[in-house]
Amino acid sequence: MCTRFRFCASLLFPQAASTCVRCNASKQQERVQGTNDSSVVSKVSAAAQGYFHDDFLKHFVCKVSRRAPLINRGYYVRWKAVDHCLKQFFHATQSCSRRQILSLGAGFDSLYFRLHAEGALGGVTVFEVDFPEVARRKAALINSNTCLKDMLPDRETVSNQSGHYNLIGVDVRKEQEVEVTLSGAGLQWDAPTLVLSEVVLTYMETQWSDAVIGWAAKLLPQSVFVMYEQIHPDDPFGRVMQNHFLKLNSTIHALKQYPDTVAQTQRFIQKGWEKCVCLDMNQFYFDLLLEDERQRVEGLEPFDEPLSDSRITTQSDLMPDPRPVFIFMITGMEPEMFPLLHPYSLQRLCDQSSTSHASEGDFSLVVFQNTFLFVFGGRTEKDPVLGDAHFLWPHNVPTFVCFNQMTVVGAVPEARHSHSACPYGGGLVIFGGLGKGGRPICDAFYLRPTLSGFCWETMNLHPPPVPRYSHSAHVINEKLVVVGGVWLQADGVPGVAVINLSTGSCVEIQLDTSSVPWPLMLHSFCSELLDSEGSEMVLIGGGGNCFSFGTHLNLHPITVDLRP
């Protein structure tokens, strides 16, 4: 009704309709500007906890608030990836007398002040562009803060032109106005330039964001474009993410037309860029960060949600010819779901005389030969992964006694947690999990019974299944059926992997979830077979969480038909 009324008004009263459109546009801009305020608070929290060093962010917030470890880790990886590209740009252009950073939708970013304090701005001029109201607010903050103002050349007042730092209020969708304003502020169009866009263009209608990418390619012939945005809107995580932004009335537009890295790559090529390289966030975290740095970060706070299905892109080889564009793309930090029920601690299972580790979570616990409980792996606050294996004897239920005199030979599986363990052939089979350094595992081990005890045997799987963790598994008719979990693949979500335990052959099968009316996230859930033939399985609980949208829980149990 409201929509029809406005449509009629636009025919009868053009001026009133135009005012309504401007009002709606203004409200949309305010909502987008609000994402800047939330983002800077989260960055301040991560810096305060030691994830990265930035003494200037705190001056752009009223109060420093501590965010959850998940949020801190997510903003750390985002900050680190952007910093990586900046440092590579500086290195590749160090022989140039003039270099520029053009930050689109900069908000309350402290980039200039941080780089100035690091002494990294030799020959570099920074141009920050945002809505006029955001630029005015930021200029007022800087001019009223002695610490920030002292970082400006000759302690100038922030205006459209302040030496090496230029804060500009202009709508980047207006190409001609942007070109005139940036030229007036001293931007040199032929100088090596890094264009930075962190979750900015996606809030525009796609035609406008495409236009920005196009004019940047046309006007800046010696440049790189670093973009950090969401992708993969149609998997369960992406659907929850989109619903979150819809509730905030901040639609992310480019996802529909450019849903993945292939589409984004073609987008930039078609808009005039010569090269585009994409990496997801896990690739950056595991492949470009040194192990010492990962260990430092992982030791900062207790963290129950390892990195998983988040995407960014970056690249280490920058500038100047051929001219590349580097796109960061992120779906959010979708880590494994927190345990819905806190697992029993082995401190309560073992008698106090035991000297073994006390696994606090995510270990496997299997009833063994109707006599013992077998515990493998897990983690504690001190130990990120454990490789312990223990036989527990129910000597006086509910008190359990560790019984580790059992003879076990063979190569012990790699330490891990969030794996699966299933009774099989008088022993058990272990699959997957999260190993040292937070990397998912795809191996399988058979703990085979022998005359004198047990023997670990490595199973040869072909083709190797996709590494995963926080899945469930059952042995059905000499086959290990692995359901769901978390993997680091950029495309799709885990369905069902069927592993023939006799031959080692493996088949990945995609689950058809079209009949489930909500986004189904199969992480840290429970499963149980509904019949003796193993033709049907029920899945209960589970979900996922993100540093932007919070927590999503699967609403109801579902059943899976396992028949061919």
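In mature numbering (1 follows the signal peptide of the UniProt record, and there is no 0), the protein residues as written are -18 to -1, 1 to 546.
Beta carbons: idealized from backbone N, C-alpha and C, even for Gly.
Nothing here was measured: the structure is a model prediction, and the numbers come from that model.
Residue pairing for His444: DSSP places it in a beta bridge opposite Ser487.
Within 10 angstroms of the beta-carbon of Asp274 lie fewer than 16 other beta-carbons, which makes it exposed. Under the DSSP assignment, Tyr94 falls in the alpha helix (DSSP H) whose first and last residues are 93 to 99.
For Ile150, no alpha helix (DSSP H) run applies; the uninterrupted beta strand (DSSP E) run containing it begins and ends at 147 to 151, by DSSP. Secondary structure at Ala198: helix, using DSSP grouped into helix, strand and coil.
Excluding sequence positions up to five before and after Gly392, its CB lies within less than 7 Å of the CB of Cys437, Trp438, Glu439, all in the same chain and listed in chain order.
Non-local C-beta neighbours of Pro215 in its own chain, meaning closer than 6 Å and more than five positions away in sequence, comprise Gln224, Leu237, Pro241, ordered along the chain. Contact between Phe507 and Gly532 is ruled out by a C-beta separation of about 18 Å, above the 8 Å threshold.
If you check the CB distance, Met441 and Val411 come in under 9 Å. Phe113 sits away from Leu84, with the two beta carbons spaced by 9 Å or more.
Your pair Asp132 and Ser92 does not check out as a contact, with CB atoms roughly 14 Å apart and the cut at 8 Å. Within its own chain, the residues whose Cβ lies closer than 7 Å to the Cβ of Tyr451, once the five positions on either side in sequence are excluded, are Glu318, Ser400, His401, Gly414, Gly415, Leu416, Pro422, Gly467, Val468, listed in chain order. Along the segment 220 to 288, the alpha helix (DSSP H) occurs as fully enclosed runs of 4 or more residues at 236 to 239, 243 to 252, 273 to 280, listed in sequence order.
In this model, Gly254 and Val489 are separated by some 41 Å (Cα to Cα). Scanning its chain for C-beta atoms nearer than 6 Å, with the 5 sequence neighbours on each side dropped, one finds around Gly32 the residues Leu282, in chain order.
The Cβ atoms of Val542 and Leu462 lie no closer than 9 Å to each other.
Cβ-Cβ separation between Val177 and Ser205: approximately 6 Å, consistent with a contact (criterion under 8 Å). The alpha-carbon of Gly525 is positioned some 17 Å away from that of Leu470. Gln239 and Ser497 have their C-alpha atoms spaced approximately 25 Å apart. When Gly407, Gly420, Phe250, His456 are compared, the shortest CA-CA separation from Thr432 is found for Gly407. In summary, Asp172 is exposed, with fewer than 16 beta-carbon neighbours lying within 10 Å of its beta-carbon over all protein chains present. Distance from the CA of Phe358 to the CA of Leu544, rounded to the nearest whole angstrom, comes to 28 Å. Its Cα nearest to that of Leu261, the residue Gln246 stands out among Gln252, Gln246, Ile251. Per DSSP, Phe354 is one residue of the beta strand (DSSP E) stretching across 354 to 358. If you look at Ile423, you'll find it isn't in any beta strand (DSSP E); DSSP assigns it neither H nor E.
In the three-state scheme derived from DSSP, where H, G and I count as helix and E and B as strand, Trp375 is classed as strand.
The beta strand (DSSP E) runs of length 3 or more contained entirely in the segment 77 to 135 are, from start to end of the chain, 81 to 86, 106 to 112. Secondary-structure assignment with DSSP links Glu518 through a beta bridge to Asp543.
For the set His538, Cys528, Gly486, the Cα lying nearest the Cα of Arg55 is the one of Cys528.
Taken through DSSP and simplified to helix, strand or coil, His41 comes out as helix.
Listed in chain order, the non-local C-beta contacts of Val43 below 7 Å within the same chain comprise Val22, Val23, Val26, local neighbours out to five positions each way being set aside. Take the alpha-carbon of Leu270 and the one of Ser434: they are about 47 Å apart.
For Leu521, the CB contacts under 6 Å within the same chain, skipping 5 residues up- and downstream, are Phe507, Ser509, Ile540 in chain order. If you draw a straight line from the Cα of Gly166 to the Cα of Arg49, it comes to about 40 Å.
Just measuring C-alpha positions, the residue of Leu149, Lys45, Ala199, His453 sitting nearest Ala121 is Leu149.
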